[in-house]
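Shown next, in structure tokens, is the structure this report addresses.
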Amino acid sequence: MFKMTKLKDRRLENTSVASEIDRLEERRARCQHNLDKAEFRSRKELSEEERQQLEKEMATIIERVKKLDKELQMLRGENRRNTMLSVAMLAACALFYYVFIYTDDSS
Numbered sequence: 252m253f254k255m256t257k258l259k260d261r262r263l264e265n266t267s268v269a270s271e272i273d274r275l276e277e278r279r280a281r282c283q284h285n286l287d288k289a290e291f292r293s294r295k296e297l298s299e300e301e302r303q304q305l306e307k308e309m310a311t312i313i314e315r316v317k318k319l320d321k322e323l324q325m326l327r328g329e330n331r332r333n334t335m336l337s338v339a340m341l342a343a344c345a346l347f348y349y350v351f352i353y354t355d356d357s358s
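Start counting the sequence shown at 252; every next residue gets the next number (this note's numbering).
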């Protein structure tokens, strides 16, 4: 529930769905980069304490990536709905033009 409110608050700030998708994709890429770095560090010889701390960090990053993926999926669905609505409105305008304007000019 909190995430939905958070997303709606961001969009109320006049950000488009596409720019929100771009922003989340950038955040996800940074998280993925941090995860790759953490995995690289895990291959080195580490003390047990360092290894546990690194595993916690990796779990946190993985959880963050999952949350970003879920938000991206939701935003992409909304973007598809907006696109379909735009296409439907364009088709309705074209039909209106053809029925009321184009046929009146032909007569």
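Cβ coordinates follow ideal geometry from the N, Cα and C atoms, glycine included.
Pick out whichever of the options has its Cα sitting closest to the Cα of residue i.
i	options	result
E276	Q324, R332, E329	Q324
M309	R278, N285, A345	N285
V268	R302, L297, K307, E329	E329
R302	E290, F351, A345	E290
Q283	Y348, L319, K307, V338	L319
Rounded to the nearest angstrom, what separates residue i and residue j at their Cα positions?
i	j	result
Y353	D287	60 Å
R278	K321	13 Å
T311	T266	28 Å
K295	N333	48 Å
D273	R281	12 Å
E299	I313	21 Å
V338	K317	32 Å
R331	F351	30 Å
L297	K307	14 Å
Considering only the beta carbon of each residue, do residue i and residue j sit closer than 8 Å?
i	j	result
R292	L305	yes
E271	L326	yes
Given a threshold of 16 other Cβ atoms within 10 Å of its Cβ, counted over all protein chains shown, does residue i qualify as buried or as exposed?
i	result
L336	exposed
C344	exposed
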